[in-house]
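The listed protein sequences correspond, in order, to chains A and B. Take the first sequence: its position 2, counting from 1, is numbered 2 in the UniProt record's numbering, and each next residue is one higher. Take the second sequence: its position 60, counting from 1, is numbered 60 in the UniProt record's numbering, and each next residue is one higher. Ideal Cβ placement from N, Cα and C applies to all residues, glycine included. Please read the structure below before turning to the comments.
Number of protein chains: 2
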Amino acid sequence: MGIRIKDVAKAANVSTATVSRAISGKPGVGVETTEKIKKIIAEMGYRPNMSARGLASQQTHNIGIVSPREGNTVLGNPFFTRIFEGISNVLDKNQYNMISSFTYQHQQYLVENHVVDGILLFAVREDDSLLVQLRESRIPTIIVGSYEEEDFPNVCPDDSGGIASAVQYLVSKGHKEIELVNGPKTAFKSRLCLEGYEQAMKAHSLDPHSIIEVPEYDSVASYNHFIQRINDASNLPTAIVCSSDYLAFGVMKAANEHGIRIPEDLSIIGFGDVPFSSFTNPTLTTMHTNLLKLGTTSAQMLISKINGSNLRKKKRLFQMDLVERQSVKELK
Amino acid sequence: MGIRIKDVAKAANVSTATVSRAISGKPGVGVETTEKIKKIIAEMGYRPNMSARGLASQQTHNIGIVSPREGNTVLGNPFFTRIFEGISNVLDKNQYNMISSFTYQHQQYLVENHVVDGILLFAVREDDSLLVQLRESRIPTIIVGSYEEEDFPNVCPDDSGGIASAVQYLVSKGHKEIELVNGPKTAFKSRLCLEGYEQAMKAHSLDPHSIIEVPEYDSVASYNHFIQRINDASNLPTAIVCSSDYLAFGVMKAANEHGIRIPEDLSIIGFGDVPFSSFTNPTLTTMHTNLLKLGTTSAQMLISKINGSNLRKKKRLFQMDLVERQSVKELK
DNA sequence: TTGTATGCGTTATCAT
DNA sequence: ATGATAACGCATACAA
C-alpha cells in the first residue's frame, strides 16, 4: 500500500526505531536527526498507520460516545451537543478519537470488540441493557447526565437542586399553585427532578399539584399532553415548572393555541437553557448550567480512569442557575 | 492482556484460522464447528482486537464525519444531526465506526494519519484549507451539503431550486416586494440561495430587493442584523425569504420586538424545516427536504467509493418541498 | 472443511 | 544516541 516507517528510515539512513521515537517525541534521539526525519516525513507524505500503532501500543485511542436513546434524542438536543463540544476539546488535546454510537447494533459491536479505550455514556436509563453489559465488561466508563447509582463515576447537572431553585423563584414571585411537567419516570433525570420539586414544595408548605408525566423529553409529546391537561380539567395552576426546555416549548404552544397567555395567565419556567429559549415568544425563563465545563470534566475523568487513576470523586454535580427572561410574571 | 484468538482456538481444539473464519462468517467452516466456536467465544468473553484486525486487513473500519466549522455550528444544528442519523444507520449496517472531527487540530491528525477509510465532509467553504489537503491526500471523500465544485462527489439539498420555490410561493400569495435574508457569501449555500432568489425574481419580472447578508447562519446574528435593517430604513418589504430557519427565527424575534406582526405586517418563510419551526409563534412556513435519506445516500456513496466504485453520479441533488404553516399571509 | 505459516506496520526491549 | 529484533493479534494464501 502506502509508505511505511521502514521507507522513511531507509531514506533517512536511520533505523525504524529512531523514526518511531522521533515521531512520538520520545527521548533518546538527536535534535538534528529529529529534524531530518521530520523533513523526510513531510516530503514523502508518510502517514502513520494507526492500526499498527494501536496493536503495538495496546491502545485504540478511541473513546466511545454512546447513548442507548434514539439518535435524534441526543444529537438533536443542544443539551448534549454542547457537552460534546467540551468533550471534543479535551479528547483532541489528548490524541483521542471520538466514536459516536447511537444504535443498539453498534453498541453491541462496541461491547463485543476491543474498539474503544473507554466510554462516555449518555442519557442512560436504569432498564438499559447496555448498563449491565458495561458493568460486566472491563471497559472504563463514565456516565454523563443524571444518574442515581454508585457503580460508575458520574458527572451531571444538579437536577434536584435546579428544580428546587426554580420552585423557589416562582414562590418568590408570589406563586403558590405550581405544577410540574416532567419526563418519563424511567429516566433518572425525571426522578431527580420530581424529588427536587416535592422537597421544594414541602419546604414552602405548599401542596404538590398534579404532575404531568410526558413519556418522552420531546416538545410534540409535551404539547399533546398539555392540551389534554387543558381539556381534562379547568383548574390550571398559576405557574408551571418543566424539567426540560423542550417540554416547556410544547406547553407554550398548547397554551398559545388555547388562548392562555404567557405569562399573564400562566407563568412557565424551563430547564436547560437551550439556545432557542431566547427565541420563543415570550422568551423562556429557565435554569442554566455550564455544559461545556461538564463535558470537559467528564472527558478528563474518563482519561484519568483509563490511565489507571482511581477517581477520588465518583460524583460531580453541576450547579444550575436561573436565567430570568419573560415567561414568569410576578403575582400581586 | 486479555484473551486472544489463539486461546479460543485452543479451547475449541481448532486452529486460529478456523476461529477467524467463523467470526467473520467467511465460507469454509462447518456448521457444527462454527457453533462450537461461537459458544466458546461467548463463554470466554473473547473480544476481537480491532487494531490487529485492521492491521491485517488493511482497513480501519472508521469513517470520519468532519466539518471545519465550529463544533456547535454543526452539532447544534438539527439540519446536520438529522443527516447524521441517516449516516449512522448505513454505517452500522456496514460495520463502520463514525469518528466525529470538529476541530482544526483533530482534522490535521486525521489527514496526517491512517485513521479513517473515508471522510464525509460537512459545511465546507471554499477557503477551508482542509479542502486542499483532502484533494492532495488519497482519502476517499464525499462532500455533504451545498457545494459548487466538481472535484469531489457531492450530495446536497437543492438550495437554488428551494429558494426559487419559496419565492414562487410568495408570488402566488400576491407578494411583490420580497427580500432575501442570506448567510455569508463564503458559504456555497449562500451563493446558491442567492442564485435561486435572483433567478426566481427575474422569472416573475420582479426587482430584487436589498439583500441582507448575515455573517453566520445563526439566530442571534440574524436578529442583530434585522434590527439594524428595521432601524436603517422604513420601507420594509411585504415578505422575506430566509436561507435558513435559524435566520428566520432571528428575524421573527426582531420583528416581534418592534411591533411588526407576522404574518399580518410581514410574511416570512424559512429554509430547512428544523423541528422547532412548528413551535414558534406563529409557526414557520418553510422548505423541507428528506435529510435522513440525504444522509443514507451520502454514506452509501462513500462506502461505494471506498470499495473502488467509480460513482457514475458525482452529484446528488435533493428536492425541497414547501411546508405551509402560519408565517405567510395572502396579500389581497 | 481445516491447519500452517507468513505478513500487516508499529512499538518496545535489549543491545551497542 | 542509535540499531536489531521480537512482540502485538489477527487475516489470509497456500497446503493438506
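Check, Outcome
"Minimum C-alpha distance to Ser101 (chain B) - residue among B:Tyr147, B:Val116, B:Ile5", "B:Val116"
"Chain-ordered chain A contacts of Thr60 (chain B) [CB-CB under 8 Å]", "Met50, Ser51"
"Cutoff 9 Å: Lys10 (chain A) Cβ touching any chain B Cβ", "no"
"Nearest-angstrom Cα separation, counted from Thr34 (chain B) out to Pro27 (chain B)", "11 Å"
"Helix, strand or coil at residue 333 (chain A) [DSSP, three-state]", "For chain A, the structure presents residues 1 to 332; residue 333 (chain A) sits outside this window and is missing."
"C-alpha distance - Thr81 (chain B) paired with Asn72 (chain A), whole-angstrom precision", "7 Å"
"Residue-chain proximity (Val66 (chain A), chain B), Cβ-Cβ < 9 Å", "no"
"Reference Val323 (chain A), options A:Asn231, A:Asn290, A:Tyr46, A:Arg191, closest by Cα", "A:Asn290"
"9 Å Cβ cutoff, Asn154 (chain A) in contact with chain B", "no"
"Proximity test, Cβ basis, 9 Å: Pro215 (chain B) and chain A", "no"
"Chain-ordered neighbours of Thr103 (chain B) on chain A, where CB pairs are closer than 8 Å", "Ser88, Asn89, Asp92"
"Every unbroken beta strand (DSSP E) within the segment 207 to 268 of chain A, with a cutoff of 3 residues, ordered by chain", "211 to 213, 239 to 242"
"Beta-carbon proximity of Gly250 (chain B) to Phe279 (chain A), cut-off 9 Å", "yes"
"Residue 345 (chain B): contacting residues in chain A (beta-carbon distance under 9 Å)", "Any property of residue 345 (chain B) remains undetermined from this structure, which presents chain B solely from 1 to 332."
"Straight-line gap, Gly45 (chain A) to Leu131 (chain B) (C-alpha atoms, nearest Å)", "17 Å"
"Neighbour list for residue 347 (chain A) in chain B, Cβ cutoff strictly below 7 Å", "Shown here, chain A extends from 1 to 332; a query on residue 347 (chain A) therefore has no answer."
"Leu180 (chain B) beta carbon near the ligand NAD (any heavy atom closer than 8 Å)", "What this structure holds is no ligand at all, so the ligand NAD is not there to describe."
"Residues near Ile262 (chain A) by beta carbon distance below 7 Å, same chain, minus five either side", "Met252, Ala255, Ile268, Pro282, Ser327"
"Length of the line joining the Cα atoms of Thr186 (chain A) and Val214 (chain A)", "11 Å"
"Gly64 (chain B), DSSP secondary structure in three states", "strand"
"At least three beta-carbon pairs within less than 8 Å, the segment 143 to 163 of chain A to the segment 190 to 199 of chain A", "yes"
"Neighbour-count burial assignment, Asp218 (chain B), 16 or more Cβ in a 10 Å radius", "buried"
"The beta strand (DSSP E) enclosing Lys314 (chain B), as first and last residue numbers", "Lys314 (chain B) -> no beta strand (DSSP E), and no H or E assigned at all."
"CA-to-CA distance, Gln59 (chain B) to Ala17 (chain A), given in whole angstroms", "24 Å"
"The alpha helix (DSSP H) enclosing residue 336 (chain B), as first and last residue numbers", "Absent from the structure is residue 336 (chain B), since the part of chain B shown begins at 1 and ends at 332."
"Alpha carbon of Gln319 (chain A) to alpha carbon of Thr296 (chain A), nearest angstrom", "15 Å"
"Beta-carbon separation (whole angstroms), Ala299 (chain A) vs Val90 (chain A), contact threshold 8 Å", "4 Å"
"Neighbour-count burial assignment, Tyr104 (chain A), 16 or more Cβ in a 10 Å radius", "exposed"
"Backbone secondary structure at Asp321 (chain A) - three-state DSSP", "strand"
"Contacting positions in the UniProt domain \"HTH lacI-type\" (3 to 57) of chain B - beta carbon closer than 7 Å to chain A", "Arg47, Pro48, Asn49, Met50, Ser51, Ala52, Gly54, Leu55"
"Contacts that Ser219 (chain A) makes with chain B (C-beta to C-beta distance below 9 Å)", "Pro275, Phe276, Ser278, Phe279"
"Neighbourhood of Lys315 (chain A) by C-beta, 6 Å cutoff - its chain only, sequence neighbours within 5 removed", "Asn154"
"Any C-beta of chain B under 9 Å from that of Gln199 (chain A)", "no"
"Chain A contact for Asn307 (chain B) (CB, 9 Å cutoff)", "no"
"Phe271 (chain A) versus Glu330 (chain B): straight-line alpha-carbon distance, rounded", "38 Å"
"Through-space distance from Ile142 (chain A) to Ala56 (chain A), alpha-carbon basis", "26 Å"
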